[in-house]
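Everything on this sheet refers to the single structure shown next.
Chains as they are written, first to last, in this note's numbering: chain A, 1 to 240; chain B, 1001 to 1224.
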């Protein structure tokens, strides 16, 4: 148990440092270096926050599913913890994604919500599904069963993410101009570079937060197991 | 395994036939939802996408009831231990539950769809029926698979009735998309139009993916 806490905590400081530097660099580039987009102007710069955040969030959900699968395969509780922390974190970031998406939609199309933007709609559905993760998890008392059921949910929901994106995309009668789809080919070099650095920064941020939460959770679990042992030993001493 | 499935299915159907718990409630909820739609939309008759949407919401609400009752006999009356102690495969339990739900859904639709045709639909139901049967049957299979999975997930929790709808509605969204787009074509004011092939294909793919997922994961859900 002791070394497990250390494994989660290892390199955390360096990772946090790297994430901070990359994100500061990325935002400096966003504000001072990249050109304003001709069509949408300054507001388009929210793209460098919104899109990397959304991609990282979705990867976090899918990673939660993969960790859940590992939990079912190996039966080791550490995978359940990894899966739980990944989903928990992604769920919080998803709120930020929905809010930045709404701001962008309001600024560039004049509405807070645009139903014919399939990515936005799919994201909301995925968010609604994952919002059930914690109610499901904490409504099961037995810890072993909790880990197993949460893992099954994580796998099902992880598989649902791509299916849902495909289904919502198909449901759109007409295709909307799409930033990422059109810009990965046509984006000027400076925009592409800023986007990639911002993407890297967000990934580092997610990994830092994930490791941090994992360290804190396993430290707390270790602490309570030590407390339990002390309590047990005190009672046996008293009995003796 | 087929034999085990049939035995378990017969048990579920016999229970339902004697108690008459799920199916009448599902049918009544469907009928009430249709009445609600009449007043909520403020229209005497609807057609096209709107009609198709009303039909799908009605069927979805009814299926939520069926899904949350699916394992109740096992959970409340202690049948779980008996089923798990019996030498049956988990896959047989999944198949039996999904088939039972499928049969319930078909019975409910046999009542609710004609009722929908009479009460709400502004275009004749007759010409749409062949296409509608195909779409509904495919969608019912998907709902039955996901329903068996969701009800097994939720049954061991303290908040079963709350979890089933909030879990199943987002999960079933692709089914609603495909089903309602397809039947929207069937309820067009000028008579049923051809259904685009991608909607049945999407339902079939969804059914296959979730069928395989349930098959792989069911062992972990009932392994107590």
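Note that CB positions come from ideal geometry on N, CA and C, so glycine has one too.
Quick check: the segment 81-90 of chain A against the segment 197-214 of chain A, are there 3 or more CB pairs under 8 Å? yes
Can you tell me the Cα-Cα spacing of residue 1007 (chain B) and residue 1100 (chain B), whole angstroms? Translated into the one-based positions of the second chain, residue 1007 (chain B) becomes position 7. Translated into the one-based positions of the second chain, residue 1100 (chain B) becomes position 100. Between residue 1007 (chain B) and residue 1100 (chain B), the C-alpha separation is close to 12 Å.
Does the beta carbon of residue 1178 (chain B) come closer than 8 Å to any beta carbon on chain A? Working through the second chain from its first residue, we reach residue 1178 (chain B) at position 178. Chain A, which has a Cβ nearer than 8 Å to the Cβ of residue 1178 (chain B), makes this yes.
Any idea what DSSP makes of residue 11 (chain A), helix, strand or coil? The residue given as residue 11 (chain A) occupies position 11 in the first chain. Coil, per DSSP.
What does the Cβ neighbour count give for residue 118 (chain A), buried or exposed, with the cut at 16 atoms within 10 Å? By 1-based counting over the first chain, the position of residue 118 (chain A) is 118. Counting Cβ neighbours within 10 Å, residue 118 (chain A) comes out buried, since at least 16 surround it.
Residue-level contact to chain B via CB, residue 135 (chain A), 8 Å cutoff: On the first chain, residue 135 (chain A) is found 135 positions in, with the first residue counted as 1. Interface residue, yes.
Between residue 1104 (chain B) and residue 1066 (chain B), how many whole angstroms is the CB-CB distance? I'm expecting something under 8 Å. To locate residue 1104 (chain B), count along the second chain from 1; it is residue 104. To locate residue 1066 (chain B), count along the second chain from 1; it is residue 66. With a Cβ gap of about 5 Å, residue 1104 (chain B) and residue 1066 (chain B) count as contacting.
Minimum Cβ-Cβ distance from residue 97 (chain A) to chain B less than 8 Å: Numbered from its first residue, the first chain carries residue 97 (chain A) at position 97. No - not a single Cβ of chain B is within 8 Å of the one on residue 97 (chain A).
For the segment 122-133 of chain A against the segment 1142-1154 of chain B, are there 3 or more C-beta pairs whose distance is under 8 Å? no
Whole angstroms are fine: how far does the CA of residue 198 (chain A) sit from the CA of residue 188 (chain A)? The residue given as residue 188 (chain A) occupies position 188 in the first chain. The residue given as residue 198 (chain A) occupies position 198 in the first chain. C-alpha separation (whole angstroms): 15 Å.
Helix, strand or coil at residue 1046 (chain B) according to DSSP, with G and I counted as helix: On the second chain, residue 1046 (chain B) is found 46 positions in, with the first residue counted as 1. Residue 1046 (chain B) carries a strand assignment under DSSP once its states are collapsed to helix, strand and coil.
I'd like to know whether the C-beta of residue 1170 (chain B) is nearer than 8 Å to at least one C-beta of chain A. As a first step, residue 1170 (chain B) is located in the second chain; it is residue number 170 there, counting from the start. Chain A, which has a Cβ nearer than 8 Å to the Cβ of residue 1170 (chain B), makes this yes.
Could I get the ranges of all uninterrupted alpha helix (DSSP H) runs contained in the segment 1171-1218 of chain B, with 4 residues as the minimum, in chain order? 1173-1186
Cα-Cα separation between residue 41 (chain A) and residue 165 (chain A), rounded to whole angstroms: Reading the first chain from its first residue, position 41 is the one you call residue 41 (chain A). Reading the first chain from its first residue, position 165 is the one you call residue 165 (chain A). So the two alpha carbons sit approximately 28 Å from each other.
Are the segment 1003-1018 of chain B and the segment 91-111 of chain A touching by the rule of at least three beta carbon pairs closer than 8 Å? no
Which partner residues does residue 1121 (chain B) have in the DSSP bridge list? Here residue 1121 (chain B) corresponds to residue number 121 of the second chain, with the count starting at 1. Answer by DSSP bridge pairing, in chain order: B:1046.
Just the C-alpha distance for residue 209 (chain A) and residue 1015 (chain B), rounded to the nearest angstrom, thanks. One-based indexing of the first chain puts residue 209 (chain A) at position 209. One-based indexing of the second chain puts residue 1015 (chain B) at position 15. So the alpha carbons of these two residues sit roughly 51 Å apart.
Three-state secondary structure (DSSP) of residue 110 (chain A): Walking along the first chain from the start, residue 110 (chain A) turns up at place 110. Reduced to three states, the DSSP call for residue 110 (chain A) is coil.
Rounded straight-line distance, which links the Cα of residue 148 (chain A) to that of residue 181 (chain A): Locating residue 181 (chain A) in the first chain gives position 181, counting from the first residue. Locating residue 148 (chain A) in the first chain gives position 148, counting from the first residue. Its pLDDT being 48, under 50, residue 181 (chain A) is placed unreliably by the model, and the measurement read from it follows with that caveat. Cα-Cα distance, rounded: 38 Å.
Check the Cβ-Cβ distances between residue 175 (chain A) and every residue of chain B, and say whether any is below 8 Å. Numbered from its first residue, the first chain carries residue 175 (chain A) at position 175. Confidence at residue 175 (chain A) is low in this model, with a pLDDT of 44, below 50, so its placement is unreliable and no value can be given for it.
Taking only beta-carbon positions, decide if residue 1174 (chain B) is within less than 8 Å of chain A. Locating residue 1174 (chain B) in the second chain gives position 174, where the first residue counts as 1. Cβ-Cβ to chain A under 8 Å: yes for residue 1174 (chain B).
Taking C-beta to C-beta, are residue 167 (chain A) and residue 1192 (chain B) nearer than 8 Å? For this step, residue 167 (chain A) is matched to residue 167 along the first chain. For this step, residue 1192 (chain B) is matched to residue 192 along the second chain. No.
In or out: residue 1180 (chain B) buried (at least 16 other Cβ within 10 Å) or exposed? Position 180 of the second chain, counted from the start, is the residue given in the question as residue 1180 (chain B). So residue 1180 (chain B) counts as buried.
Nearest by alpha-carbon distance to residue 1081 (chain B): which of B:1162, B:1113, B:1156, B:1217 is it? Counting from one through the second chain, the residue named residue 1081 (chain B) turns up at place 81. Residue 1081 (chain B) has its Cα closest to that of B:1156, out of B:1162, B:1113, B:1156, B:1217.
Got a sec? Which residues, its chain only, sit under 6 Å from residue 72 (chain A) by beta carbon, not counting five neighbours each side? Locating residue 72 (chain A) in the first chain gives position 72, counting from the first residue. Excluding residues within five positions, the ones whose Cβ falls inside 6 Å are 151.
How many Å lie between residue 1108 (chain B) and residue 201 (chain A) at the Cα? Your numbering for residue 1108 (chain B) matches position 108 in the second chain. Your numbering for residue 201 (chain A) matches position 201 in the first chain. Taking the straight line from one Cα to the other gives about 53 Å.
Relative to the alpha-carbon of residue 1071 (chain B), which residue among B:1033, B:1164, B:1214 has its alpha-carbon at the smallest distance? Within the second chain, residue 1071 (chain B) is the residue found at index 71, counting from 1. Of the candidates B:1033, B:1164, B:1214, the one whose C-alpha sits nearest the C-alpha of residue 1071 (chain B) is B:1164.
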